[in-house]
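In the working numbering, the protein residues as written are 8 to 236.
Ideal Cβ positions, reconstructed from N, Cα and C, are used throughout, including at glycine.
Treat the numbers as computed from the prediction; the structure is a model and nothing was measured.
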């Protein structure tokens, strides 16, 4: 048996430590953002559900008022009654537009809430397959939301208008969302790399012995599904 002179690692340990630190930092931010996203989506979902129920009740009240005005119009031909009915119908159209928008927002909020819960599981278990659905649905929802906000500011949606200050608040909120979304996407991409994989990879070891002999020890396959002997 030849005596061992020295043992060298093929991969620089300092580089591994730096890469590991970056991955841990990304994971910590991803966990924090995923929890915040779930809480925010729970609040938004609750608001959209309550708003949808309120608009439906308001539509029923407007329908009753319109029917009452029509009954009065049958017996009275004054213009004031006719103008009241027209105003009620205009209000009904506006509320109906809000009701449709809130219904769409409610279903999108439910989808985002469910996928946000799955996102937390995917981030904590470092499983990328559970992170991708939220990335896709949240990105699509963001595009629809920001498009609706801009169209409402430009008065392109009948019965829906937002002021400049509300537009600035929406844009500021969208910037925060983009930052969180980008961090989670970056974490999702990092999971596919070897340095941030769920199971750490072992580097081969080179052993230099006396007499000029060199031995390279390859690590065994660290497949978690492979049974141990």
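Here the C-alpha atom of residue 169 lies approximately 15 Å from the C-alpha atom of residue 179.
Using a 10 angstroms sphere on the CB of residue 52, the tally of other CB atoms reaches 16 or more, which defines it as buried. Secondary structure at residue 148: helix, using DSSP grouped into helix, strand and coil. Distance between residue 148 and residue 73, taken at the CA atoms: about 36 Å. Distance from the CA atom of residue 158 to the CA atom of residue 130, rounded to whole angstroms, is 35 Å. The straight-line gap separating the alpha-carbon atoms of residue 41 and residue 98 is approximately 40 Å. The DSSP-derived three-state label of residue 133 is coil. Classified as exposed, residue 128 has fewer than 16 neighbouring CB atoms from the shown chains inside 10 Å of its CB.
Short of 7 Å from the beta carbon of residue 152, and not among the five residues preceding or following it, lies no beta carbon of its own chain.
Between the alpha carbons of residue 115 and residue 92 lies a gap of roughly 35 Å. Here DSSP, grouped into helix, strand and coil, assigns residue 162 to coil. If the five residues before and after residue 143 are omitted, its C-beta is found closer than 8 Å to no C-beta atom of its own chain.
Judged by their CB atoms, residue 44 and residue 123 are nearer to each other than the 7 Å cut-off. The beta carbon of residue 119 is closer than 7 Å to those of 48, 144, 145 and 148 in its chain, skipping five residues each way along the sequence.
In the three-state DSSP reduction, residue 189 falls in the helix class (H, G or I). In this structure residue 174 touches residue 160 by the C-beta definition: roughly 5 Å separates them, less than 8 Å. In this structure, the beta-carbon distance from residue 109 to residue 58 falls below 7 Å. With a threshold of 16 other beta carbon atoms within 10 Å, residue 191 meets it and is buried. The beta carbon of residue 76 lies closer than 8 Å to those of 88, 91, 92 and 95 in the same chain, with the five residues before and after it left out.
Residue 125 sits in a helix when the DSSP states are folded into three classes. Here the alpha carbons of residue 196 and residue 126 stand approximately 14 Å from one another. For residue 180, the secondary structure class from DSSP, reduced to helix, strand or coil, is helix.
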